[in-house]
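Counting with full-length UniProt numbering, you get residues 1 to 362 for the letters of the sequence shown.
Below is one structure, written out as structure tokens; comments come after it.
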Amino acid sequence: MDKDNASPILEEYDREIGLYADLKSKLEVLIQELLKQHNIHVHSITARCKDRRSLQGKIARTDGKYASLNQITDIVGLRIISYYNDEVDAIAKLVEQEFELDAQNSVDKRELLDPDRFGYLSLHYVVKLPEKRLALPEYARFAGCKAEIQIRSILQHTWAEIEHDLGYKTKQAIPKEIRRSFSRLAGLLEIADLEFTKIRNSLQEYENEVQEQIQDQPTTVLIDQASLKSYINASPLVQELDEQIISYSGALLHHNEHFIGAMVEKLHFCGLNTISDIDEQLSQHKYLIVEIAKGVYKAQPRPVDMMSVGIALLYLCNVLVASTESPELVRRYVRGHTAMDPALEERLARDILLFYKQAVSL
Numbered sequence: 001m002d003k004d005n006a007s008p009i010l011e012e013y014d015r016e017i018g019l020y021a022d023l024k025s026k027l028e029v030l031i032q033e034l035l036k037q038h039n040i041h042v043h044s045i046t047a048r049c050k051d052r053r054s055l056q057g058k059i060a061r062t063d064g065k066y067a068s069l070n071q072i073t074d075i076v077g078l079r080i081i082s083y084y085n086d087e088v089d090a091i092a093k094l095v096e097q098e099f100e101l102d103a104q105n106s107v108d109k110r111e112l113l114d115p116d117r118f119g120y121l122s123l124h125y126v127v128k129l130p131e132k133r134l135a136l137p138e139y140a141r142f143a144g145c146k147a148e149i150q151i152r153s154i155l156q157h158t159w160a161e162i163e164h165d166l167g168y169k170t171k172q173a174i175p176k177e178i179r180r181s182f183s184r185l186a187g188l189l190e191i192a193d194l195e196f197t198k199i200r201n202s203l204q205e206y207e208n209e210v211q212e213q214i215q216d217q218p219t220t221v222l223i224d225q226a227s228l229k230s231y232i233n234a235s236p237l238v239q240e241l242d243e244q245i246i247s248y249s250g251a252l253l254h255h256n257e258h259f260i261g262a263m264v265e266k267l268h269f270c271g272l273n274t275i276s277d278i279d280e281q282l283s284q285h286k287y288l289i290v291e292i293a294k295g296v297y298k299a300q301p302r303p304v305d306m307m308s309v310g311i312a313l314l315y316l317c318n319v320l321v322a323s324t325e326s327p328e329l330v331r332r333y334v335r336g337h338t339a340m341d342p343a344l345e346e347r348l349a350r351d352i353l354l355f356y357k358q359a360v361s362l
């Protein structure tokens, strides 16, 4: 009989692979839900079952270490890639709370990283479902099944993938003259990981503070994505104009970060620099904003389903650029902030001027 087929572990694998495939799917969904419940937004979650050839190679390399399939802890593997380094610890804490850990086989490989060792190593957990989940019918059949969960930041993952592609598994395998380059790069990536986290924290602090600044000193608050988002969400004037606009369009309002980013550019194009500039211009042009929106939606062949919160600012920009009565400026305004073919671009520029002229003539 073929030695491969005679292996008790491989025979057990052939019998149990369906169970492990189901476990993989269950764990992937469970981890997605747990992260969502705890407001942890990650770059990706991937899951896999070790294929037969990989298992065969592992058995051959370990020379009798394993006597049965359940001693092999990575038949099911999941990898969680976070955006930021500090989120690795938050995810790890969640895994520790929600799973039963195999402490003997779990390791924080980051703590094993020598000061002069190149490269990034991730956090590896070997887990089982806890009794509270095994008591549920949908999980009961996975009793005793283990899985490996790897957690790393996106920069740690980038390093690991490139290192894997290069094919060097140990420091000693790297040619000596190249080791210094690896070490320098590893240090740069570690600094980058920390700096991205600092930038995120600084932005969050700014977003928390900017609303108070808008209320106290709107003339000093420059227009950026954070300040504009805060203004749109808090301004009674924006809310009033948005509601009038959707009453003509029949659309529903929704929050759209991409819209806010685009509006920052449009407002700057129109010469508005501070939050107080927006407030003054909205108050001054309320009538034209609503009348132009009314004309636009009356002329459309079919209704619009969704609009972004803050849509009044788009019509404010249209009013301001059209009030120059410069076709070339309007074309530049359209060309700078949209991706469309020249014919459609020209038509949109004409429509902005046309609806403005109609509104001012009423």
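Even glycine gets a Cβ: it sits at the ideal position worked out from N, Cα and C.
Note that the coordinates shown come from a computational prediction; the quantities given were computed from them, not determined experimentally.
Whole-angstrom distance between residue j and residue i, CA atom to CA atom
| i | j | result |
| --- | --- | --- |
| I59 | G77 | 17 Å |
| Q97 | Q37 | 13 Å |
| I80 | V95 | 11 Å |
| residue 363 | L313 | Given a span of 1 to 362 for the chain in the structure shown, any question on residue 363 remains unanswerable. |
| L55 | I75 | 8 Å |
| D216 | Y315 | 27 Å |
| S44 | Q281 | 43 Å |
| A359 | L252 | 24 Å |
| P156 | E131 | Note that residue 156 is Gln in the sequence shown, not Pro. Cα to Cα, the separation comes out at about 33 Å. |
| R302 | G250 | 11 Å |
| A47 | S25 | 8 Å |
| G261 | I199 | 18 Å |
| V304 | V29 | 35 Å |
| L219 | E328 | The amino acid occupying residue 219 in the given sequence is Thr; Leu does not appear at that position. The alpha-carbon atoms of T219 and E328 are separated by roughly 31 Å. |
| P115 | I191 | Residue placement at P115 is flagged as unreliable, the pLDDT there being 48, under the threshold of 50; a coordinate-derived value is accordingly withheld. |
Spatially closest choice to residue i from the options, by CA coordinates
| i | options | result |
| --- | --- | --- |
| A293 | I40, L27, D351 and R331 | D351 |
| S21 | A147, Q156, V88 and V334 | Correcting the residue type first, residue 21 is Ala in the shown sequence and not Ser. Ranking the options by Cα distance to A21, first place goes to A147. |
| I40 | S54, A103 and A92 | A92 |
| S68 | Y297, N208, I311 and R15 | R15 |
| A234 | V309, E161, L188 and F196 | V309 |
| F259 | E212, L241, I311 and Q104 | I311 |
| M307 | R331, Q244, V330 and S25 | Q244 |
| A299 | Y248, I278 and S323 | Y248 |
| R52 | L10, K229 and I72 | L10 |
| E240 | L228, T220 and K286 | K286 |
| D279 | E87, V238 and I149 | V238 |
| L27 | N105, I178 and I149 | I149 |
| residue 363 | D89, P137 and R332 | Given a span of 1 to 362 for the chain in the structure shown, any question on residue 363 remains unanswerable. |
| E291 | S276, R331 and D242 | D242 |
| S323 | Y297, L288 and S122 | L288 |
| G18 | R332, N318 and C49 | C49 |
| L353 | H164, V330 and L344 | V330 |
Same chain only: Cβ atoms within 8 Å of residue i, ignoring 5 sequence neighbours per side
| i | result |
| --- | --- |
| L134 | A140, F142 and A143 |
| L203 | A226 |
| D193 | Y84, N85, S153, L155 and Q156 |
| E346 | R331 |
Same chain, Cβ closer than 7 Å to residue i, neighbours up to 5 away in sequence not counted
| i | result |
| --- | --- |
| L222 | N273 and T274 |
| V107 | H124 |
| L23 | V76, F142, C145 and A147 |
| Y66 | I9, I59 and I72 |
| F355 | I292, G295 and V296 |
Status (buried if at least 16 other CB within 10 Å, exposed otherwise) for residue i
| i | result |
| --- | --- |
| N201 | exposed |
| R152 | buried |
| E265 | exposed |
| K357 | exposed |
| residue 363 | The structure shown does not extend to residue 363, since the chain is modelled only from 1 through 362, so no value can be given for it. |
| S361 | exposed |
| E87 | buried |
| I178 | exposed |
| I31 | buried |
| N318 | buried |
Contacts around residue i, its chain only, beta-carbon distance under 6 Å, and the 5 residues preceding and following it disregarded
| i | result |
| --- | --- |
| L129 | Y139 and F142 |
| H254 | M306 |
| V126 | T73, D102, N105, S106, K146 and E148 |
| L320 | C270 |
Any C-beta of chain D under 9 Å from that of residue i
| i | result |
| --- | --- |
| Q204 | The structure shown contains no chain D, having only a single protein chain. |
In chain order, each beta strand (DSSP E) run of at least 3 residues that lies wholly inside the UniProt domain "RelA/SpoT" (47 to 174): 76 to 82, 123 to 128 and 147 to 153
Please go through the segment 205 to 257 and give each complete beta strand (DSSP E) segment of 3 or more residues, from N-terminal end onward. 252 to 254
What are the uninterrupted segments assigned as alpha helix (DSSP H) that are 4 or more residues long and contained completely in the segment 255 to 321, given in chain order? 257 to 269, 275 to 284 and 286 to 299
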